[in-house]
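**Student:** FYI, the numbering for the sequence shown is 127 to 358, going by the working numbering.
All C-beta atoms in this analysis are idealised placements derived from N, C-alpha and C, irrespective of residue type, glycine included.
Supplied in structure tokens, the structure appears directly below.
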Amino acid sequence: MQFTKTLIKGKFIKRYKRFFVDIKLDKEIITAHCPNTGSMKGLLDEGNDVFISKNDDPKRKLKYTLEIIKVNKNLIGVNTHFANKIAYHGLSHNLIKEVSNNSTIKPEVFFDKETRFDFLIEKNKQKIFVEVKNVTLFRDEKVAEFPDSVTSRGSKHLKTLIAAIKEGYKSYLLFLVQIQGAECFKIAKDIDKEYYKNYLLAKKAGVIFLAYRCKINSKEIKIEKKIKIINA
């Protein structure tokens, strides 16, 4: 996924009311939209380098959007709205080897009345659900983690992926690691014990878990390579 315009570099000041961040650009302080409703744990230290995009649409109240934060020399993609675009690019360009050479890729497909998954894929007459989780947490320089806060929605998705297997679908969960330099991935079970429990149940039931790291710079973000999942 390529950015349509060159990103602007600034310094992070603070986040507030969830959707707002103040950023210093040279001698000016601007307010940008924060397109990430998560905790963004470990990313919000004052003085961190950030990269923002600018949109000149007169209908927009905020002209700027936070896209990337630099933490400990690592670039982290924080715009969760882009996660599915990055994953779709990866699926359609065969960058995810376990789910490549597909016949069709359909985004945002309902499994039941309450749950829809990010992608429904058909390959060799097999129907496959793929759910994507954006990963921005790293407490160890080389280890990416998910979740960064308790996620009942995430647990619900795991249970529904199990239900989909019972209905004849193949189920994948893709951890999209938007952390430059991460070498492996694990579930943050100390943050959400229930999610870890459901992860183990889903794994036993046949849900296939994948972690793929992204290549990140001020021009594009795209899937780069598979990394190892290290939970037992």
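What three-state label does DSSP hand Glu240 in the structure shown?
**Tutor:** Of the three classes helix, strand and coil, the one that applies to Glu240 here is coil, per DSSP.
**Student:** Over the uninterrupted beta strand (DSSP E) stretch that includes Lys253, give me the two end residues.
**Tutor:** That run of the beta strand (DSSP E) goes Gln252 to Val261.
**Student:** Mapping the DSSP letters down to three states, classify Ser218 as helix, strand or coil.
**Tutor:** Note: Ser218 maps to helix in three-state DSSP.
**Student:** Given Asn343, which residues of its chain have a CB within under 8 Å of its CB, disregarding the five upstream and five downstream residues?
**Tutor:** Leu201, listed in sequence order.
**Student:** If contacts are defined as beta-carbon pairs under 8 Å, then Val147 and Lys140 qualify, I think. What distance do you get, rounded to the angstrom?
**Tutor:** Right, their Cβ atoms sit about 7 Å apart.
**Student:** Measure the alpha-carbon distance for Lys137 versus Ile305 and round it to whole angstroms.
**Tutor:** Approximately 19 Å, taken between the alpha carbons.
**Student:** Between the Cα of Asp316 and those of Ala289, Tyr298 and Asn357, spot the shortest distance and give me the residue it belongs to.
**Tutor:** With distances taken between Cα atoms, Asp316 lies closest to Asn357.
**Student:** Are the Cβ atoms of Ala290 and Phe335 separated by less than 8 Å?
**Tutor:** It is not a contact, given that the beta carbons lie outside the stated cut-off.
**Student:** Ser297 by DSSP, collapsed to three states: which one?
**Tutor:** In this structure, Ser297 counts as strand in the three-state DSSP scheme.
**Student:** In its own chain, which residues sit with a C-beta less than 6 Å from the C-beta of Asp274, not counting the 5 before and 5 after it?
**Tutor:** Within the same chain, Asp274 has close Cβ partners Gly164, Ser165, Lys167 and Leu263.
**Student:** With distances taken Cα to Cα, identify the nearest neighbour of Val235 among Ser226, Asn220 and Lys253.
**Tutor:** Nearest of Ser226, Asn220 and Lys253 to Val235, Cα basis: Lys253.
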